[in-house]
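So for the sequence shown, our numbering puts the first residue at 18; every next one is plus one.
Where is the CB? At the ideal position from N, CA and C, for every residue including glycine.
Keep in mind the model is a prediction, meaning the values are calculated, not measured.
Reading through the structure tokens given below for one structure.
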Amino acid sequence: MKGSRIGVGGINGEVSRRKLLFGASALTATLLPMLGARAEGSLHPKNILFVYHPNGLEPGWEGGGASGPLVLNPILSALEPFKSQLVVCGGIKGGTVNEVQAHSEGTTSLWTGSRIAASADFATHASVDQLLAPMLAPTPFRTLEFGVQSVPDTIDNSHVTIYSGAGKPIQPEDDPNAMFARVFSGGKDPATLARLRSEQKSVFDLARTSLDRIRASYGIEERAKLDAHEQALRDVEKRLDSLNACPTSYQNHQLSLASLKSDDTQFETLAGLQTDLLVNALSCGLTSVASLQYSYSTSMTRFKGQPPLHSVMHSGTTSQKVEINRWFVEEFARLLQKLSNTKFENGASLLDETLVVWGSEMAVGNHLNAPIPFILAGGGTSGFLKLGRWVNLTSRPRHTRLLATLFEIMGVPHSGPIGDFTDETSVGILEELSRA
């Protein structure tokens, strides 16, 4: 990646005037159809992060009883410091409907809502992160996909949760060295970084000129939305101005490819490196949409000297399963802590600005599809999501309704069902998560 640059669309080569002009027109073309989208001044998260862990949680993680103030059970106890910033969702059905291909079905469906016909099929829809990204403020990287020993060999549908479209899986990047080189290497040369910030600002100036030119042809309501989009461009400019505070150095790990993919003793170290890079990418404004995948559905990773995770979650003892559950919850808590520790000049934290969605492909390792553990965290004072609660969804909705609700929480428009499920439990947003 030597000589790479952070350009209008991410890491690329020199940015020509033609590309700048194209970027300006593309940016304006993107913003104008979004007149119905969110206003940046409203109470919606700026970022969204999807976190996957394999094989669900043992029974007992749910709060139990009617919806109300959140009380965390022992499996989720590591999240206690963030209780006021969580919504724990109970009663949600996942995308697994066939016992034989449960892991494949659950993984392909998790963020896409797809149903597959055969065990080897990939998802038939883009994942919601890819649908949301164009609706948010533009960033150098449209999305970033982080993995921790997520693809041990040739990619298959139990190794990937993110899709750019039907049959188009996006493989997570498991190597922190490669992720740093891709995302941050352009920041090593201060002169280059200053030039590229100037070029990106030129794109924004051209876009604002276009917005000013067409503003006169719109009514008062539409002009207000255009003003909101102009403010969104200014927000991105401010983040670009802060890029010189982003990491410009990184201590490469010395792991072999084999160790990187399957050395159990390195899993926690790799998880920490990827979390640090992810938090830095969000805080520097390099992306507003990211995903973090811990291992994979049929994981062979051994935790704390136990047999492989997949085997334990199928036939291990309850104490073995709970120990693995707690490890993933503790990792989630560490991620939330790093987001919370990252502060901005206005006093808000990165956790305030980021909606974190934590989920799994099945309820427990023996292939049950309900209740799938889903936890929402952060997002500050969202206009829709009420934090600090246990929400018992007694209607037992399909997880696709939660996916649809993410658009509402982020303040962007969406209509119609998510994915392939179309029964009454699969369509519409979850009003139970609302402040109303």
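Just the Cα atoms here: how many angstroms apart are residue i and residue j?
i      : j      : result
Val68  : Thr359 : 19 Å
Leu89  : Lys338 : 18 Å
Ile172 : Ile133 : 17 Å
Glu162 : Ile187 : 8 Å
Gly433 : Glu378 : 23 Å
Leu419 : Ile446 : 7 Å
Asp281 : Phe320 : 7 Å
Lys278 : Ile237 : 56 Å
Asp369 : Trp128 : 23 Å
Arg55  : Pro430 : The predicted model places Arg55 with a pLDDT of 47, which falls under 50 and marks its position as unreliable; any figure quoted below should be read in that light. Near 8 Å, if we compare the C-alpha coordinates of Pro430 and Arg55.
Gly436 : Ser443 : 9 Å
Asp138 : Ala350 : 33 Å
Asn342 : Asp229 : 53 Å
Asp206 : His142 : Its pLDDT being 48, under 50, Asp206 is placed unreliably by the model, and the measurement read from it follows with that caveat. Roughly 40 Å between the two C-alpha positions.
Gln102 : Glu449 : 17 Å
Glu285 : Gly364 : 31 Å
His270 : Thr292 : 15 Å
Leu372 : Asn64  : 6 Å
Gly123 : Cys263 : 36 Å
Leu287 : Ser234 : 53 Å
Asn174 : Ser167 : 11 Å
If distances are taken between C-alpha atoms only, which option among the options comes closest to residue i?
i      : options                        : result
Phe424 : Gly164, Glu190, Val306, Ala83  : Val306
Ala380 : Cys106, Pro86, Leu450          : Cys106
Gly316 : Leu303, His331, Ile392, Gly302 : A small fix is needed here, since residue 316 is Ser in this sequence, not Gly. Answer by Cα proximity: His331.
Leu74  : Thr335, Leu419, His176, Leu404 : Thr335
Pro151 : Thr439, Gly428, Phe438         : Gly428
Glu348 : Ala95, Leu87, Asn64            : Ala95
Val145 : Thr125, Ser136, Ala135         : Thr125
Asn115 : Leu274, Ser136, Asn342         : Ser136
Val177 : Gly405, Thr417, Ser314, Arg406 : Ser314
Val165 : Tyr180, Pro71, His120          : Pro71
Tyr180 : Gln118, Ala195, Thr160         : Thr160
Pro62  : Leu299, Glu362, Val117         : Leu299
His416 : Gly77, Glu79, Glu97, Thr113    : Thr113
Asn460 : Gln118, Ile92, Pro91, Gly81    : Only positions 18 to 453 of the chain appear in the structure, and residue 460 is not among them; the question remains open.
Ser357 : Gly80, Pro86, Pro324, Phe99    : Phe99
Ala454 : Ser131, Tyr311, Leu294, Gln283 : Look at the range of the chain in this structure, 18 to 453, and you will see that residue 454 is not part of it.
The alpha helix (DSSP H) that contains residue i, what's its start and end?
i      : result
Asn297 : 284–300
Thr422 : 416–427
Leu89  : Segment: none, Leu89 is in no alpha helix (DSSP H) and carries neither H nor E.
Phe197 : 193–201
Ala119 : 119–126
Leu447 : No alpha helix (DSSP H) holds Leu447; DSSP gives it neither H nor E.
Leu148 : 145–149
If I follow the unbroken beta strand (DSSP E) through residue i, where does it start and stop?
i      : result
Trp407 : 406–409
Phe401 : Phe401 -> no beta strand (DSSP E), and no H or E assigned at all.
Ile341 : Not the beta strand (DSSP E): Ile341 falls in the alpha helix (DSSP H), residues 335–358.
Glu370 : Premise fails: Glu370 lies in the alpha helix (DSSP H), 367–370, not in any beta strand (DSSP E).
Leu274 : From DSSP, Leu274 is part of no beta strand (DSSP E) but of the alpha helix (DSSP H) over 274–279.
Leu393 : 391–395
Glu162 : 161–165
Under 8 Å by Cβ, that's how I've got residue i and residue j pegged, so tell me the actual separation to the nearest angstrom.
i      : j      : result
Leu290 : Pro193 : 4 Å
Ser84  : Val408 : 5 Å
Leu393 : Val104 : 4 Å
Gly405 : Pro390 : The Cβ separation is near 18 Å, so there is no contact.
Determine which residues share a DSSP beta bridge with residue i and list them.
i      : result
Val68  : Leu309, Trp375
Lys8   : This structure gives no information on residue 8, because the portion of the chain shown stretches from 18 to 453.
Arg319 : Pro325
Tyr180 : Pro186
Leu103 : Ala394
Determine, using beta carbons only, whether residue i comes closer than 8 Å to chain B.
i      : result
Gln147 : Absence of chain B from the displayed structure is noted, only one protein chain being present.
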